[in-house]
Amino acid sequence: MFDVRTFPRAICVAIACLGVANLSFAATVDLLIRNGVIYDGHGNAPIRGDLAVDDGRVVAVGMLADTRARKEIDAKGLAVAPGFINVLSWAPESLLHDGRAMSDIKQGVTLEIFGEGNSFGPVNRAIREEMIKTQGDIRYDVTWNTLDEFLKTLTKQGVSPNVASFIGATTVREYVIGFEDRTPTPAELKKMQELVREAMREGALGVGSSLIYAPAAYAKTDELVAITKAAGEYGGAYISHMRSEGDRFLEALDELILIAREAGVHAEAYHLKAAGEKNWPKMQQAIDRIEAARKEGLSITADMYAYTAGATGLDAAMPPWVQAGGIDAWIERLQKPEIRARVLQEMRAPAPDWESLLVAAGSPERVLLIGFKNDKLKPLTGKTLAEVAKLRGTSPEDTAIDLVIEDRTRVGTAYFLMSEDNVRLGLSPPWASLGPDAGAPGPEGAFLKSNPHPRAYGNFARFLGLYVREKRVTSLPDAIRRMTHLPALNFKLKDRGCLDVRCHADIVIFDAATIGDHATFDQPHQYSTGVRDVFVNGVQVLRDGEHTGEFPGQVVYGPGRKH
Numbered sequence: 000m001f002d003v004r005t006f007p008r009a010i011c012v013a014i015a016c017l018g019v020a021n022l023s024f025a026a027t028v029d030l031l032i033r034n035g036v037i038y039d040g041h042g043n044a045p046i047r048g049d050l051a052v053d054d055g056r057v058v059a060v061g062m063l064a065d066t067r068a069r070k071e072i073d074a075k076g077l078a079v080a081p082g083f084i085n086v087l088s089w090a091p092e093s094l095l096h097d098g099r100a101m102s103d104i105k106q107g108v109t110l111e112i113f114g115e116g117n118s119f120g121p122v123n124r125a126i127r128e129e130m131i132k133t134q135g136d137i138r139y140d141v142t143w144n145t146l147d148e149f150l151k152t153l154t155k156q157g158v159s160p161n162v163a164s165f166i167g168a169t170t171v172r173e174y175v176i177g178f179e180d181r182t183p184t185p186a187e188l189k190k191m192q193e194l195v196r197e198a199m200r201e202g203a204l205g206v207g208s209s210l211i212y213a214p215a216a217y218a219k220t221d222e223l224v225a226i227t228k229a230a231g232e233y234g235g236a237y238i239s240h241m242r243s244e245g246d247r248f249l250e251a252l253d254e255l256i257l258i259a260r261e262a263g264v265h266a267e268a269y270h271l272k273a274a275g276e277k278n279w280p281k282m283q284q285a286i287d288r289i290e291a292a293r294k295e296g297l298s299i300t301a302d303m304y305a306y307t308a309g310a311t312g313l314d315a316a317m318p319p320w321v322q323a324g325g326i327d328a329w330i331e332r333l334q335k336p337e338i339r340a341r342v343l344q345e346m347r348a349p350a351p352d353w354e355s356l357l358v359a360a361g362s363p364e365r366v367l368l369i370g371f372k373n374d375k376l377k378p379l380t381g382k383t384l385a386e387v388a389k390l391r392g393t394s395p396e397d398t399a400i401d402l403v404i405e406d407r408t409r410v411g412t413a414y415f416l417m418s419e420d421n422v423r424l425g426l427s428p429p430w431a432s433l434g435p436d437a438g439a440p441g442p443e444g445a446f447l448k449s450n451p452h453p454r455a456y457g458n459f460a461r462f463l464g465l466y467v468r469e470k471r472v473t474s475l476p477d478a479i480r481r482m483t484h485l486p487a488l489n490f491k492l493k494d495r496g497c498l499d500v501r502c503h504a505d506i507v508i509f510d511a512a513t514i515g516d517h518a519t520f521d522q523p524h525q526y527s528t529g530v531r532d533v534f535v536n537g538v539q540v541l542r543d544g545e546h547t548g549e550f551p552g553q554v555v556y557g558p559g560r561k562h
């Protein structure tokens, strides 16, 4: 097998940089992709030529007429790009059930990044019990204790994409002080910091928060700064579902920027949006604030999904205080008449310290119920909250409370909150990457028992087809850069998101003229089309649009990992 590590670096670089020239690379390699339109991931203009892969790495790019390979693929007329990086993935459960990650692999995704608020490690007894208790259609044993053990569980079981994770600020809080609404003691805060340090040494990418949900909402800014500083000691970043995306959107963005400044880290606003029609004008203001912070020298970025609706649960329509203590305590409170009355009042007129996505949506007709655990409630999947309220003869707020009690989950819910103009606006800046905020299902088995947001099947393809090819929010080279090398740089993922010599051979071959999404809210289980072939670490996982049965995914570690 040809070893790139022994090949003269000067020749490799020359071939990569001068690929448009008629250069030769006399060797036999594992894989040769010929005649492609090659995008390097850096935003440069593409070149037409060949790409050689050996031992899971790119070894040459250019006109490689003399190169031979054990496997050759003709990519004539097709784009050849680094595999796409899903910076906001909720695929842990779907990967435990089906390691193929079908909805993402068929869009060209080769790396799934987890950890928005909750991470799958560290795990103690209370967290393990809550994880098992709140499982839905996909059931699994929680056999791991640390974040690294979880990621290794995935790769040992077999997954097609690579996997990486932040450590969740919510998980750290739950591990140390449980689900209570209180400030940690100094000793507890030190323990939280040490958990973060341990996770960073294991290879976490940094700290992730999700501040509209209980118990995450109980964390004050200084707590977040303290644990983020611990991650910063190892080069980690801070990512956040910010404290508000509506009435206090700009103030929440200021908090994220403050945390980045105080902790001295890169920070990214997850699924950037201005929720609720009255807040739509704030989107441009938010972009302006990010630009100002970047000019100040701070490393601030954001990611987006290409839809006007978000998806979460009915917990986002209820005050955080009622959810303290976890699912059982939440349901117990909702069943007490005096507490229910207070919750109903606050759902209709939220207090200044929290915001309701039901209110932000503007109408229960704009709230779609997409996932239930209770089989008796599954026929309601795909109906709006308004429709179910009418069927039951109860108010939308009462209906939401009853559904949580009956399902004993937060109930999967889509909220239509954003404007199309703002989606286009948010996808335009050069620092905006892509994250669907969803799992990686397929249209079969347990996945068909609920309706995911269509972004699970279409986010990357929709961006490339609708927003890049048709609406021209940016050029194709820049769009590819923002789905590949940009997040790799932001989160210090060495030799990922690129097709330079020595980069890991995570590669997607797609038709830029036809790639597009097909999933809708009515029929979400529909694959995107236009991606022909996908390679992960040099191994083909998608051939002519069909999965090969290969599971070459590896754990991608952050900067604190000592190899």
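In numbering that gives the first Met the number 0, the protein residues as written are 0 to 562.
Note that beta-carbon positions come from the ideal geometry of N, C-alpha and C, so glycine has one too.
Span separating the alpha-carbon of residue i from that of residue j
| i | j | result |
| --- | --- | --- |
| Gly263 | Gly205 | 12 Å |
| Thr547 | Gly35 | 21 Å |
| Thr5 | Arg468 | Legend: pLDDT at Thr5 = 43, less than 50; position of this residue unreliable, value from coordinates given subsequently. Going from the Cα of Thr5 to the Cα of Arg468 covers about 41 Å. |
| Glu92 | Ala439 | 9 Å |
| Gly234 | Ile330 | 40 Å |
| Leu252 | Arg293 | 13 Å |
| Leu498 | Asp39 | 5 Å |
| Gly18 | Ile166 | Legend: pLDDT at Gly18 = 38, less than 50; position of this residue unreliable, no value from coordinates given. |
| Pro45 | Gly296 | 30 Å |
| Gly107 | Glu71 | 19 Å |
| Thr393 | Tyr304 | 33 Å |
| Val321 | Leu87 | 28 Å |
| Ile126 | Gln134 | 12 Å |
| Ala360 | Asp180 | 27 Å |
| Ile37 | Ile131 | 45 Å |
| Asp574 | Arg409 | Here the chain comprises residues numbered 0 to 562, so residue 574 is not present and cannot be evaluated. |
| Ala413 | Arg67 | 51 Å |
| Leu153 | Thr519 | 29 Å |
| Trp279 | Tyr306 | 14 Å |
| Gly82 | Gly207 | 23 Å |
| Gly425 | Ala25 | 46 Å |
| Leu618 | Cys502 | Any property of residue 618 remains undetermined from this structure, which presents the chain solely from 0 to 562. |
| Phe178 | Pro214 | 6 Å |
| Leu367 | Val403 | 14 Å |
Buried/exposed call for residue i, threshold 16 Cβ in 10 Å
| i | result |
| --- | --- |
| Lys105 | buried |
| Pro160 | buried |
| Asp221 | exposed |
| Leu390 | exposed |
| Asn123 | exposed |
| Arg461 | buried |
| Arg471 | exposed |
| Asp532 | buried |
| Lys155 | exposed |
| Gly444 | exposed |
| Asn21 | At Asn21 the pLDDT is 37, less than 50, meaning the model places this residue with poor confidence; the figure from the coordinates comes in the next sentence. Asn21 should be labelled exposed. |
| Thr184 | exposed |
| Glu419 | exposed |
| Lys281 | buried |
Span of the beta strand (DSSP E), counted from its first residue to its last, around residue i
| i | result |
| --- | --- |
| Thr27 | 27-37 |
| Leu357 | It is not in any beta strand (DSSP E) - Leu357 instead sits in the alpha helix (DSSP H) that spans 356-360. |
| Tyr414 | 411-415 |
| Glu295 | Glu295 -> no beta strand (DSSP E), and no H or E assigned at all. |
| Asn85 | 83-85 |
| Thr311 | 308-312 |
| Val58 | 56-61 |
| Asn161 | 161-164 |
Integer-rounded CB distance, given that residue j should sit under 8 Å from residue i
| i | j | result |
| --- | --- | --- |
| Leu249 | Gln283 | 11 Å between Cβ atoms; not a contact. |
| Asp505 | Leu110 | 7 Å |
| Ala431 | His452 | Ala431 to His452, Cβ: 19 Å. No contact. |
| Ile226 | Ala301 | About 21 Å separates the two Cβ atoms, so there is no contact after all. |
| His270 | Gly309 | 7 Å |
| Leu416 | Ala274 | 4 Å |
Residue range of the alpha helix (DSSP H) that includes residue i
| i | result |
| --- | --- |
| Thr152 | 146-156 |
| Gln106 | No alpha helix (DSSP H) holds Gln106; DSSP gives it neither H nor E. |
| Glu92 | 91-96 |
| Ala68 | Premise fails: Ala68 lies in the beta strand (DSSP E), 67-73, not in any alpha helix (DSSP H). |
| Arg423 | 419-425 |
Let me know the alpha helix (DSSP H) ranges lying completely inside the region 204-240, each 4 residues or longer, listed in chain order.
-> 220-231
What are the complete alpha helix (DSSP H) segments, minimum 4 residues, inside the region 481-535?
-> 484-489
Pick out the complete alpha helix (DSSP H) segments inside the region 318-403, 4 residues or longer, and give them in chain order.
-> 326-333, 336-347, 356-360, 384-391
Whole alpha helix (DSSP H) elements within the region 111-144, 4-residue minimum = 124-132
Entirely within the region 246-284 and at least 3 residues each: give me those beta strand (DSSP E) ranges in chain order.
-> 266-268
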